[in-house]
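Residue numbers (our numbering), protein chains in the order written: chain A, 5 to 281; chain B, 5 to 281; chain C, 5 to 281.
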Amino acid sequence: MSTGARWSARDGHPDGAPPVSEHRVDIEDAEGVRLIAFDRPEARNAFDLAMYRAVTDGLLGAAVDDSVGSVVLTGRGTVFTAGQDLREMAALANGTADPEAGTGFPALLDALQSFPKPLLAAVHGVGMGLGFTMLAHVDLVVLDETARLRAPFAEMGVPPEAASSLLLPARMGWQRASLALLASEWIDAAQALEAGLAVRVVEAGTVLEATMALARRIASFPTRATQEIKRLMVAAHREEIVAARAREEAAFAALFADPATNPGSGLASGLSGGLRD
Amino acid sequence: MSTGARWSARDGHPDGAPPVSEHRVDIEDAEGVRLIAFDRPEARNAFDLAMYRAVTDGLLGAAVDDSVGSVVLTGRGTVFTAGQDLREMAALANGTADPEAGTGFPALLDALQSFPKPLLAAVHGVGMGLGFTMLAHVDLVVLDETARLRAPFAEMGVPPEAASSLLLPARMGWQRASLALLASEWIDAAQALEAGLAVRVVEAGTVLEATMALARRIASFPTRATQEIKRLMVAAHREEIVAARAREEAAFAALFADPATNPGSGLASGLSGGLRD
Amino acid sequence: MSTGARWSARDGHPDGAPPVSEHRVDIEDAEGVRLIAFDRPEARNAFDLAMYRAVTDGLLGAAVDDSVGSVVLTGRGTVFTAGQDLREMAALANGTADPEAGTGFPALLDALQSFPKPLLAAVHGVGMGLGFTMLAHVDLVVLDETARLRAPFAEMGVPPEAASSLLLPARMGWQRASLALLASEWIDAAQALEAGLAVRVVEAGTVLEATMALARRIASFPTRATQEIKRLMVAAHREEIVAARAREEAAFAALFADPATNPGSGLASGLSGGLRD
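Listed below in structure tokens is the structure:
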């Protein structure tokens, strides 16, 4: 990692990894910290295949780069991320998507749940769907006071994802996870903090700075030790996480396989804006 | 489920299930929500065999009724429930009870821990013993500001019940569960909320209305999805819950089998009022 | 246990157990409660072999003494405990320690994780390292408003200890445990309470009195019942705790075995004061 290096996933990684086809993330390396910034503001940083690949590559590269001590995820523009790209998801449900499109999500989850170094997130504005559930794989979440999170699975008629059926109860407690998952209610920054989903809430506009300071502190410690600490923390739960994802993916496959419950049209109608905020 | 149907368990279920011998619950079905109201105010809604059966039947019926999307438990009168009927429990301990009396409690727990749909509770006033521990099987608890909970097991000299040795630490955290279980202290509404035992506390007198509104919101979502979400949330813990109940029931059996520790007389003296509030 | 008995571990146990070589703890038995007070204020109650043995003996004795219903841990002087004696730990890392020195820590942990009765702690001032992590084995922690806790493992470049990789996430939630373990940040009394690490925070100077009152309440209940309640609470987690300690101890052994990562000199430099407050 070159200190102070900056590149876009469109440019390819400076060490020679192939570029993704479209710009999706900005990556900046400095003082032992890799910043991965979702940068697709025209689609509220929604995750399509290119975004999944760009973030996954950013994580996998950081995992093996000895100069990276910690990683920060954030979103450019006004939101963290609106979650899965509903247009692409509807195409998947309808069988009209790029055959590779379905590979992006599980590959990102694999990278998140196996990420060996301290992982932080600086969250402002909307975190919807995956923009919420990915936080359960993040070690240290800092919230801008504008942050608000929602898991629209019940409303959309789909199963939970990303091991959230296990991890949201584990992170937030059963009652608050039920409210999030079964009632699809919005969670504001103060509620998320109180629920244990974040380490702190900061003034609007300061969340990236606050998160980077924490990430630099962690990166200043011996990387071998922080990796060991994280490895030992995760070890107790890894098998449960894998099992939860397997249950959720089976439920999703069953839903998609049944024409009566395939959410394709619902997803498409979600595009009209009802789910957005 | 007929929308707007109301009946008492004394009348039998409108679909023809046999009536229980005495009135114990009111059941109301409306807008996709089944309300099961404990209605034995003269005994502070204590659970005797007739109450166990009436509530269990209400749950089992709701589980298989496609028109029910969510269920709300509540108590009529001034309390949620004083828990197990100590007169009947003393008779059980003394060997003078109806031979069926011991079957009510485990059947209700089976129904609670296997209940496949979102389960809510509207709690006001006292929740004692089972009136507290059953809440750990409820997905969404809303508390009236008058609610207060107590697990009198340490004071009564009996083991914990209803998988509470597992679920109270899981729901409230170890420290607060220790305070509840080992010190038998009262927990007020604010403390229960802070501990993660409930999703919100509302003004006195509004808890049923607030809970029903939340239940209707959940019932408005596709039932298949909310059932899947709950099934996936519970799947990670079902075996542990079964194992915890087995350990607790073995401890209880050992206690009752030993004349030196059989709590029969203690239970009877608890009737004199000391345990009531 | 003689009511009101007081002795120092230097004097030997009144029932005839051999004294440890140096004074390390005060033990007082009264009204069903054993108080074990760390009393090495000249070293901020740091745990050396003599301290490990004195506290372990105090616990093992209480476990089998029918007149003890609950146990309280506290520290004399201005702190709870500064944790492991870094001088002794550096000697261990350097191979210059008493061959027995390494046996103190695991023996204390065995005693803590198997302690069969309600265990409380009255914590004021600094709880560093083991002074923090041991609290995850305590059922009821009461904090003086001056209490502050820190786990300096990341900063020292060592793995977590005392099953803290499992128990801090379980007790505090993932996010706060990550902050404690990965960022080595101080946690003050209010934060610890909010995180679920303690049952209450009390005014400076009143913590021992408040904890003893709670311990006496618990000790007034049938000891058989409180032991059963604790046994059932712990049963669900015992295997995970044992497994977590085994993982941590393997990580520690690997660290010490590798000259490049042996923390001996870092520990010695920690002595100069940087880690103390």
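Virtual Cβ for every residue (Gly too), placed ideally from N, Cα, C. Keep in mind that this is a model prediction, so the values were computed, not measured.
Spanning the alpha carbons of V76(A) and P122(A) requires a straight line of approximately 9 Å. Taking 8 Å as the CB threshold, L64(A) stays off the interface with chain B. Taking a C-beta cut-off of 7 Å against chain A, the contacting residues of the region 155-173 of chain C are F157, A158, E159, G161, V162, P163, P164, S169, L170 and P173, listed in chain order. Residues of chain A whose Cβ lies closer than 7 Å to the Cβ of A202(B) are, in chain order, Q179. Cβ neighbours of P164(B) within its own chain (closer than 8 Å, five residues either side excluded): T137, A155, F157, L172, L185 and E252. Fully enclosed alpha helix (DSSP H) runs of no fewer than 4 residues occupy 134-137 of the region 109-148 of chain B, in order along the chain. Following the DSSP letters along the chain, one finds T78(B) inside the beta strand (DSSP E) bounded by residues S74 to G79. Across the structure, V162(C) and K234(A) are spaced so that their CA atoms are roughly 12 Å apart. In this chain, the beta strand (DSSP E) harbouring R152(A) covers R152 to R154. Straight across, the Cα-Cα distance linking F42(B) with L134(B) is about 13 Å.
Sequence-distant partners of G81(A) (beyond 5 residues in either direction) whose C-beta falls short of 6 Å from its own C-beta, in its chain, are P45.
Within the region 137-150 of chain A, the residues whose Cβ lies closer than 7 Å to any Cβ of chain C are, in chain order, D143, L144 and V145. In the DSSP secondary-structure assignment, V37(C) is bridged to A34(C) and S74(C).
Among the residues of the region 233-251 of chain C, those with a Cβ less than 9 Å away from any Cβ of chain A are E244, A247, A248 and R251, in the order of the chain. Pairing D89(C) with R152(C) gives a Cβ-Cβ distance that is not under 8 Å. Spatial neighbours of A202(A) in its own chain (CB-CB distance under 7 Å, excluding positions within 5 residues in sequence) are listed in chain order as V145, V146, L147 and A196.
Remark: C-beta atoms of A219(B) and S74(B) approach each other more closely than 8 Å.
Between the beta-carbon of V127(C) and that of F84(C) there is about 5 Å, and that keeps the pair under the 8 Å contact cut.
Contact between the region 105-114 of chain A and the region 45-65 of chain A is established, with three or more Cβ pairs separated by less than 8 Å. Nearest to L170(A) by alpha-carbon distance, out of A66(A), F260(A), V246(A) and E35(A), is V246(A). Note: D192(B) is bridge-paired with R152(B) in the DSSP secondary-structure output. For V246(A), there is no enclosing beta strand (DSSP E); the residue is found in the alpha helix (DSSP H) stretching over R242 to A261. When the beta-carbon positions are compared, L39(B) and A115(B) stay at least 8 Å from each other. Straight across, the Cα-Cα distance linking A199(A) with A174(A) is about 11 Å. Looking at the DSSP output, T85(C) bridges to G131(C). Per DSSP, V203(C) lies in no alpha helix (DSSP H) and is assigned neither H nor E. Any Cβ of chain B closer than 8 Å to the Cβ of A187(A) would place that residue at the interface, and such an atom is present. In the structure shown, the three-state DSSP call for F42(A) is strand.
Close to A255(C), with beta-carbon spacing below 7 Å, are these residues of chain A in chain order: E232 and L236.
Chain B has no Cβ within less than 8 Å of the Cβ of A217(C).
Interface flag for T107(C) against chain A is unset, since no Cβ pair is found closer than 8 Å.
For the region 113-126 of chain C, the beta-carbon criterion of a distance under 7 Å to any beta-carbon of chain B is satisfied by P122.
With a threshold of 8 Å between beta carbons, P226(B) makes contact with chain A. Of all residues in the region 89-107 of chain B, none is placed with a Cβ closer than 7 Å to any Cβ belonging to chain C.
Closest option to A34(C), judged by alpha-carbon separation, among A167(C), A223(C) and G129(C): A223(C). Taking a beta-carbon distance threshold of 8 Å, A47(B) does not count as an interface residue toward chain A.
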